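Numbering-wise, the sequence shown is residues 3 to 161 according to my numbering.
For every residue, glycine included, the Cβ atom is placed at its ideal position computed from N, Cα and C.
Please read these numbers as outputs of a predicted model, since none were measured by experiment.
The structure appears below as structure tokens.
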Amino acid sequence: MNLIYPGSFDPITYGHIDIVKRSAVLADTLYIAVLINHSKKPMFSIEERVELIRQATSDLANVVVITFEGLLVNVFQSYPIDAIVKGLRAISDFEYEFQMAQINREMDLRAETLFMMTNPEWGYLSSSLVREIHSLGGGVEQFAPPHVVAAMNRKLEER
Ligand code: PNS
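As structure tokens, this is what we get:
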């Protein structure tokens, strides 16, 4: 069974890494699909996000990092993928994720979404909060691996 884990990963956090590790155990191949989103101004370019994910998952032999634009179902159809995997943090995630899962299945009946409960340790974590804390001078070492924190520090210095 091959799974796809889509997201913006701007940047990858310990919350994402938890879902990646647990999904990679279940999958033959786990595709991490990074969204190229032109409407948002990301902190990291698509190439930087991919590189940060590659470094964070270098110990997992069955993880493949890909990028995508447009609809997730198109990616689903272009690779040998059996299901989409999503992490669910809180009840607040549920409604939107429920909607997306239904719409994806409406577009392609085979596009099943499997939900994995986030480890409670990371239940409150999001990339946007990590970016905000970092931009306001707070430490983010407990939320993301050292190479991600170092890349965030470099970004701040560039500005
Ligand atoms: O990390 P994010 O930003 O919460 O990830 C959201 C993502 C990339 C999974 C979602 O926005 C997505 O699937 N976008 C692709 C566009 C699409 O397929 N939309 C229709 C499904 S609702």
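Continuous beta strand (DSSP E) stretch holding residue i: start and end
i	result
N4	4-9
G89	85-90
V33	In the sequence as presented, Val is not what sits at residue 33; that position holds Tyr. 31-37 is the extent of the beta strand (DSSP E) around Y33.
L116	114-119
Outcome for residue i when other beta-carbon atoms lying within 10 angstroms are tallied against a minimum of 16
i	result
P122	exposed
K43	exposed
H40	exposed
F11	buried
V27	exposed
I21	buried
S25	buried
M119	exposed
G72	exposed
I38	exposed
G141	exposed
Residue span of the alpha helix (DSSP H) that contains residue i, given as start and end
i	result
F96	93-109
K23	16-28
S129	129-137
E53	48-58
Pairwise C-alpha distance: residue j and residue i
i	j	result
R51	T69	10 Å
S137	E108	39 Å
F78	S130	26 Å
L116	V87	5 Å
S47	I93	30 Å
Y7	Y33	6 Å
S128	I135	11 Å
A63	D95	30 Å
M45	Q101	27 Å
A113	E159	42 Å
I105	E143	36 Å
D110	V75	7 Å
V151	R133	10 Å
D84	L5	6 Å
V67	G139	30 Å
Three-state secondary structure (DSSP) of residue i
i	result
F145	coil
F70	strand
So which residues put a beta carbon under 5 Å from any heavy atom of the ligand PNS, going in chain order? P8, G9, S10, L37, L73, L74, M102, I105
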